[in-house]
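In the UniProt record's numbering, the protein residues as written are 1 to 342.
Quick look at the structure:
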């Protein structure tokens, strides 16, 4: 990850937040050195085969470098060329982060800290302090870095972001899978087998068209295109899905802001094979596209130790066998254990 941007816009804060997330970071290295650091690793000739296999099994730490006009050998063309070469490699997934802020905000930050802008004129300060040179430096730097701004994968405007909020923003975007951000699990299940105990949000898909009634579709699962086409043809599906995605998109950032580390979204239907599987797969894909870490599981696929009941939505399950307790549709309804219970 290459982190750049306007001086005073928060690049150093972004780098520190990435370091706290487990990134290996370096600030303002000479660009020639940075190019060497990012070259593909070459196995040492003296390494034995076993040693090489062991080394290959160790995952590399994510790497972030801060680059700006102070970096030795800095030029926009050099940075763009480095980024283009990285994007041609299959072993890395480079991203360019550009921090920016309004001119008035940058000016206020510099006048409050009394620091000289790196692109300000070296002439003596005016009687009004650093204001004149800082404005000039901001204008020069903005023009110089315009192409980097346009090439950025993530443009973060820190004008209205306090430092703690900027750090949280970085954690939400790049902390996935590193123990600091929200890890999301999406699970499909069959209601007759009970609710998943770990579920935070539960959605009932039994109002949708049931493929169970079509003998040609019954053997398939929600992963099959024919099942998707059948369910999505239900007039109720599109408005439901639009509202569901809108709700999830609103809730997930709020859970992160409250410090929640894990979220499990459960999608249920009767057999846990068709509608719930389709919904779980689609929701997981949406969350992944939004940049969230997602683990999707299907409780009833493949066949669980005890087969799920195979009745359609409007049918009544067979009564339990003599001497056997009935299965409840929700774990919360299960009777409390009593002394003497088996």
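In this text, a Cβ means the ideal position worked out from N, Cα and C, and glycines have one as well.
For residue 110, the enclosing alpha helix (DSSP H) has its first and last residue at 103-113. Residues of the same chain with a CB within less than 7 Å of the CB of residue 237, apart from the 5 flanking positions on each side, are 208 and 231 in chain order. In this structure residue 65 is in contact with residue 29, their Cβ atoms being roughly 6 Å apart against a cut-off of 8 Å. Separation of residue 86 and residue 291 (C-alpha to C-alpha, rounded to the nearest whole angstrom) is 21 Å.
Residue state for residue 7 is assigned as coil, using DSSP reduced to three classes. Counting only runs of 3+ residues, the beta strand (DSSP E) found wholly inside the segment 185-213 occupies 201-204, in chain order.
The three-state secondary structure of residue 240, taken from DSSP, is helix.
The beta carbon of residue 203 sits closer than 8 Å to those of 244, 265, 266, 267, 268 and 279, all from its chain and outside the five residues before and after it, given in chain order. Ranked by Cα distance from residue 276, the first of 141, 242, 2 and 210 is 210. Beta-bridge analysis with DSSP links residue 154 to 97.
Here DSSP, grouped into helix, strand and coil, assigns residue 221 to coil. Per DSSP, reduced to three states, the secondary structure at residue 286 is helical. Judged by their CB atoms, residue 188 and residue 271 are not nearer to each other than the 8 Å cut-off. The Cβ-Cβ distance between residue 158 and residue 104 does not fall below 8 Å.
By the criterion of a C-beta distance shorter than 6 Å, residue 61 is surrounded in its chain by 24, once the five residues flanking it on both sides are discounted. Here the alpha carbons of residue 190 and residue 152 stand approximately 44 Å from one another.
Looking at 140, 80 and 38, the one whose alpha-carbon comes closest to that of residue 91 is 38.
Under DSSP, residue 298 shares a beta bridge with 188.
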